[in-house]
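Worksheet: the structure to be examined is printed underneath.
Number of protein chains: 2
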Amino acid sequence: MKNPIESYISYTLAAAHRAVHQSLTTALKQHGVQVEVWRVLETLDAQPSQTMGELAKIVLMNPPTLTKMVDRMVMDGLVHRQAGKNDQRQVNLMLTDLGRKRMTQVRQVVQNEDDALCNLLGDSDVARLNDILGRLM
Amino acid sequence: MKNPIESYISYTLAAAHRAVHQSLTTALKQHGVQVEVWRVLETLDAQPSQTMGELAKIVLMNPPTLTKMVDRMVMDGLVHRQAGKNDQRQVNLMLTDLGRKRMTQVRQVVQNEDDALCNLLGDSDVARLNDILGRLM
DNA sequence: TGATATTATTTTCCAAGTCAACTATTTTCT
DNA sequence: AGAAAATAGTTGACTTGGAAAATAATATCA
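From first to last, the protein sequence lines are chains A and B.
Mapped onto my numbering, the consecutive letters of the first sequence carry residue numbers 71 to 207.
Mapped onto my numbering, the consecutive letters of the second sequence carry residue numbers 71 to 207.
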């Protein structure tokens, strides 16, 4: 290990994350979709009508960043905002038809990327990895 | 697993990375140093006179981003540039005395963060994690 | 050699991110 | 009830990041 920073967990994690994120970004770019946009689409599909706050935690973004990304998604017609029913401070997000369509198109791309990683590692190491990473949070 | 995106490796990796990076960022901020700045300092200490290109790969940054960060580090007096001896296109970076001093101050902080993670996981899982992450690149 | 291609780094211009302050709404507490 | 505190989300000023083009030096090869 010639370079000292390679022995830090934070570094190894950053390096692996960068590689994987990079590759996914490239794959999604061909469909004009950002990784985080995909996460929002997929999340909203599973649990419609999420609030901005919840969504921000799930998709790993800071609230102001999410707000601006959602602005773009609204402009692109993927999603629309709706004031919360019980709590008017909240904003609920919902997929548009186009948003749902786009998600389906793109899901396969992400799935392929993930399958490739799973093959690379093997099922048992994937499980191990998930377990270990889960304990880091 | 209520949310579908949680089952993707890329997501778990991003989540763990975010948590660890966040925590390190906060710890370093008190010393006025960015995580990537620390990586550069530590790398230069081990292998003085790195070129921008090599450094960019090691510290996981794109060349234009590194250039700008180094501009700031030069302004802060942590580092200075020197044209390559054999190849004049290259730029070699070297620590200043202040840079070396700053690195020593900050190294302990990073080491503490890392030790905490190692304790959390245990030695054998740290080894497993390193091995698995290594195969993702 | 000298024209052409390649490589290393930087610059430019624009998109995206951050921090802190702000608005609007709901809770809490006396 | 009603003033103060807390919460959800957004905005604005500013900084940082990224893609592609520009610059400068070296390598290639006819």
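Cβ atoms here follow ideal geometry from the backbone N, Cα and C, with glycine treated the same way.
Since the structure is predicted, the reported quantities are computational estimates derived from the model, not experimental observations.
A Cβ-Cβ separation of about 13 Å leaves leucine 125(A) out of contact with leucine 148(A) under the 8 Å criterion. By the rule that beta-carbons nearer than 8 Å mark a contact, proline 118(A) does not touch chain B. Restricting attention to beta strand (DSSP E) runs no shorter than 3 residues, the stretch 117 to 155 of chain B encloses them at 149 to 153, ordered along the chain. At a C-beta separation below 9 Å, valine 196(A) has these neighbours in chain B: Ile79, Ile202. Contact between aspartate 184(A) and isoleucine 79(B) is confirmed by a C-beta separation of about 6 Å, below the 8 Å threshold. Of all residues in the stretch 170 to 188 of chain B, only Val180, Glu183, Asp184, Leu187, Cys188 come within less than 8 Å of chain A when Cβ atoms are compared, listed by chain position. Against chain A, the beta carbon of arginine 88(B) has neighbours under 8 Å at Leu130, listed in chain order.
Annotation: proline 133(A) has no Cβ neighbours in chain B at a cutoff of 8 Å; minimum Cβ distance is about 14 Å. Here methionine 164(B) carries a strand assignment [DSSP, helix/strand/coil].
Interface with chain A (8 Å Cβ-Cβ cutoff): methionine 164(B) is excluded. Residues of chain B whose Cβ lies closer than 9 Å to the Cβ of histidine 91(A) are, in chain order, Ser80, Leu83, Ala84, His87.
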